[in-house]
Amino acid sequence: MAEVKLLGTWVSPYTYRVKWALKLKGIEFDYVEEDLCYKSDLLLQHNPIHKRVPVLIHGGKPICESGIILEYIEEIWPQNSLLPSDPYERAMARFWIKFAEDKGPIMWMVGQESLEMLKMIEEEALGDKKFFGGDKINMVDIVFGLAHWLGGEKLLEANKFSGLHTWLQNFKQVPVIKENLPELDDMFAYLRRQREMSPQSN
Numbered sequence: 001m002a003e004v005k006l007l008g009t010w011v012s013p014y015t016y017r018v019k020w021a022l023k024l025k026g027i028e029f030d031y032v033e034e035d036l037c038y039k040s041d042l043l044l045q046h047n048p049i050h051k052r053v054p055v056l057i058h059g060g061k062p063i064c065e066s067g068i069i070l071e072y073i074e075e076i077w078p079q080n081s082l083l084p085s086d087p088y089e090r091a092m093a094r095f096w097i098k099f100a101e102d103k104g105p106i107m108w109m110v111g112q113e114s115l116e117m118l119k120m121i122e123e124e125a126l127g128d129k130k131f132f133g134g135d136k137i138n139m140v141d142i143v144f145g146l147a148h149w150l151g152g153e154k155l156l157e158a159n160k161f162s163g164l165h166t167w168l169q170n171f172k173q174v175p176v177i178k179e180n181l182p183e184l185d186d187m188f189a190y191l192r193r194q195r196e197m198s199p200q201s202n
C-alpha cells in the first residue's frame with residue numbers, strides 16, 4: 001500500500017477529523033505534528049497555497065482541506081464506509097456536512113441564530129438516532145465533532161438540547177474518538193500562551 005502521511009497540529013479540530021476517519025477505516029499512517037509558528041518545509045512544499053493543516057500525503061501526492069480529504073479517504077478506502085449506502089441518505093449526509101461547513105463556528109456560538117440552528121439540527125438531522133449516522137458514527141458526526149472545541153458541553157445543555165447533549169456524550173465515548181481527543185484545558189492553555197507570545201498581543 002502507498003505510504004500515508006498526515007501533517008497536522010494537536011489543537012486543530014480539522015486535523016482530528018482526518019485522524020478519526022483514517023482510524024475508523026483501519027488505515028495505517030504516519031503523523032507529523034506541525035508547529036504553525038514555524039511551518040516546516042514539508043508543509044510549505046505540500047500546501048504552498050494555504051500553508052495550513054491538515055494535509056494528507058498519499059503515495060507522495062498531497063490532498064488539502066479537511067472536507068476534501070474526508071471525501072478522498074472515503075473514495076480510496078471504501079471499507080467501513082463513512083457515508084450511507086442508500087443514495088438518498090448519502091445525499092442527505094452530504095447536505096448536513098455542507099451545512100456545517102458553510103455555517104462554521106458560528107453554529108456553536110451563544111446567540112439566537114446559533115440556538116435556532118442547533119434546534120433545527122437536533123430535530124431535522126439527528127432526530128431520535130444515537131448518532132447522525134444511526135447506530136454508528138459517520139462523516140456527519142465527524143464534521144459536527146467540532147462541538148468539542150467550541151464549548152459544546154456548556155452550550156448543549158441537557159434541558160435545552162437533550163438530543164444533541166446525549167449525542168455529544170455518545171460520540172466522545174466511541175473508542176477511536178475518545179483515544180484521539182485533546183483535553184480542553186490543555187488546549188485552551190496552549191492557545192492562551194500563543195496569544196501572549198504573539199507580537200500583536202496587547
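Residue numbers (the UniProt record's numbering): 1 to 202.
Beta carbons: idealized from backbone N, C-alpha and C, even for Gly.
When you measure from the CB of glycine 60 to every non-hydrogen atom of the ligand PLP, does any distance come out below 8 Å? Inclusion of the ligand PLP in the displayed structure is not the case, the ligand content being empty and no account of it being possible.
Alpha carbon of proline 175 to alpha carbon of proline 105, nearest angstrom: 25 Å
Same chain, Cβ closer than 7 Å to leucine 126, neighbours up to 5 away in sequence not counted: Phe132, Gly163, Leu164 and Trp167
Between lysine 25 and asparagine 180, how many whole angstroms is the CB-CB distance? I'm expecting something under 8 Å. That pair is no contact at about 14 Å.
In whole angstroms, what separates the C-alpha of threonine 9 from that of proline 54? 8 Å
Just to confirm, are isoleucine 57 and isoleucine 63 a CB contact at a threshold of 9 Å? yes
For a cutoff of 9 Å on Cβ pairs, would you count leucine 168 as touching chain C? Here chain C cannot be found, since the structure has a single protein chain.
Anyone know if the C-beta pair for arginine 94 and leucine 82 falls short of 9 Å? no
Could you give the uninterrupted runs of the alpha helix (DSSP H) lying entirely in the segment 152-194, keeping only those of 4 residues or more? 152-155, 162-173 and 175-178
Validate contact between the segment 11-20 and the segment 141-148 using beta carbons, cut 8 Å, 3 pairs: yes
For phenylalanine 131, the three-state DSSP class (helix, strand or coil): strand
In the DSSP assignment, the beta strand (DSSP E) including histidine 58 goes from what residue to what residue? 55-58
Enumerated in chain order, which unbroken segments of the alpha helix (DSSP H) with a length of 4 residues or greater are wholly contained in the segment 30-113? 41-46, 66-76 and 87-103
Looking at the unbroken beta strand (DSSP E) that takes in lysine 5, where does it start and where does it end? 4-8
Below 6 Å CB to CB, which residues in the same chain sit around tryptophan 96 once its five sequence neighbours on both sides are set aside? Ala125 and Val140
Looking only at C-alpha atoms, which of Phe29, Val11, Arg192 and Trp20 sits nearest to aspartate 35? Val11
Tell me the rounded alpha-carbon separation between lysine 103 and methionine 120. 13 Å
Taking its Cβ as the centre, do 16 or more other Cβ atoms sit within 10 Å of phenylalanine 171, making it buried, or is it exposed? buried
Could you tell me the boundaries of the alpha helix (DSSP H) in which lysine 136 lies? It is not in any alpha helix (DSSP H) - lysine 136 carries neither H nor E in the DSSP assignment.
What did DSSP end up calling residue 224 once you bin it into helix, strand or coil? The question about residue 224 has no answer, for the chain in this structure spans 1 to 202.
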